[in-house]
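*Asks:* The numbers in the working numbering rise by one with no breaks, and the one at position 45 of the sequence shown is 113.
Think of the CB as a built atom: it goes at the ideal place given N, C-alpha and C, for glycine as much as any other residue.
Since the model is a prediction, treat every value here as computed from it, not as a measurement.
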Amino acid sequence: MFNILSLIFRYLFILIIYFFIFSIIRLIYLDIRSFSAVKSAHSYLRLIVLREYLPFDIEEVYLLDRSVRIGRNKGNDIVINDPFISSEHLNVIKDGDEFFIDDAGSANGTYVNGKRIEGRTHIKNQDRIRMGQVEFLFVSK
């Protein structure tokens, strides 16, 4: 009798483990699929620098479905707590299907593809935008 119960519990335990693994794989698949759908719908900024090397929390992707303000101040649309980023560092301006960035008088400047920008600058797909310790890749839809 004990052997039969032991065998039943063993198979039940294995079944529960398989169900758990299946659930995890399903959640990962759904998360990747939903992220791909969102990415293709809007332009976005993707972090190039590895987050593990930064002394502050930051997202890997920021969607650009409208004009946004970036800086350290909590009132910005995108808040980055980098000590080398000004409280109101730059504006990303959406004008139709085109995007521009405008440095808001930051102390350390904003760089597009390695060149410091002055005033409003048009950005295009695959441009690299650097401010402080972070660098983003602009991906246009």
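Short of 8 Å in beta carbon distance, which residues of its chain neighbour D195, apart from the five on each side in sequence? Order them along the chain.
*Replies:* For the purposes of this step, residue 195 is taken as residue 127 along the sequence shown, with counting starting at 1. Same-chain partners within the cutoff: V180, N181, L205, F206.
*Asks:* State the Cα-Cα distance for the pair I72 and I92, rounded to the nearest angstrom.
*Replies:* The sequence position of residue 72 within the sequence shown is 4, counting from 1. The sequence position of residue 92 within the sequence shown is 24, counting from 1. Cα-Cα distance, rounded: 31 Å.
*Asks:* Three-state secondary structure (DSSP) at N71?
*Replies:* Locating residue 71 in the sequence shown gives position 3, counting from the first residue. Helix, per DSSP.
*Asks:* What do you get for S111, buried or exposed, if any count of 16 or more other CB atoms within 10 angstroms of its CB means buried?
*Replies:* The residue given as residue 111 occupies position 43 in the sequence shown. Buried.
*Asks:* Between the Cα of F124 and those of S135, R78, L83, P151, spot the shortest distance and give me the residue it belongs to.
*Replies:* Counting from one through the sequence shown, the residue named residue 124 turns up at place 56. It is P151 whose Cα lies nearest to the Cα of F124.
*Asks:* Identify, in the order they occur along the chain, each residue of the same chain with its Cβ nearer than 6 Å to the Cβ of L75, setting aside the five sequence neighbours on each side.
*Replies:* Walking along the sequence shown from the start, residue 75 turns up at place 7. Closer than 6 Å at the Cβ level, and outside the excluded window around L75, lies no residue.
*Asks:* Short check: CB of I169 to CB of N159, under 9 Å?
*Replies:* Taking the sequence shown and counting its residues from 1, the one referred to as residue 169 is at position 101. Taking the sequence shown and counting its residues from 1, the one referred to as residue 159 is at position 91. Contact: yes.
*Asks:* Could you check which residue in F88, Q201, N141 has the C-alpha nearest to that of L118?
*Replies:* Residue numbering aside, residue 118 sits at position 50 when the sequence shown is read from its first letter. When each option's Cα is compared against that of L118, the closest is Q201.
*Asks:* Over what stretch of residues does the beta strand (DSSP E) that includes L158 continue unbroken?
*Replies:* Here residue 158 corresponds to residue number 90 of the sequence shown, with the count starting at 1. Its beta strand (DSSP E) spans residues 158 to 163.
*Asks:* What residues are listed by DSSP as bridge partners for F206?
*Replies:* For this step, residue 206 is matched to residue 138 along the sequence shown. In DSSP, F206 forms a bridge with L113.
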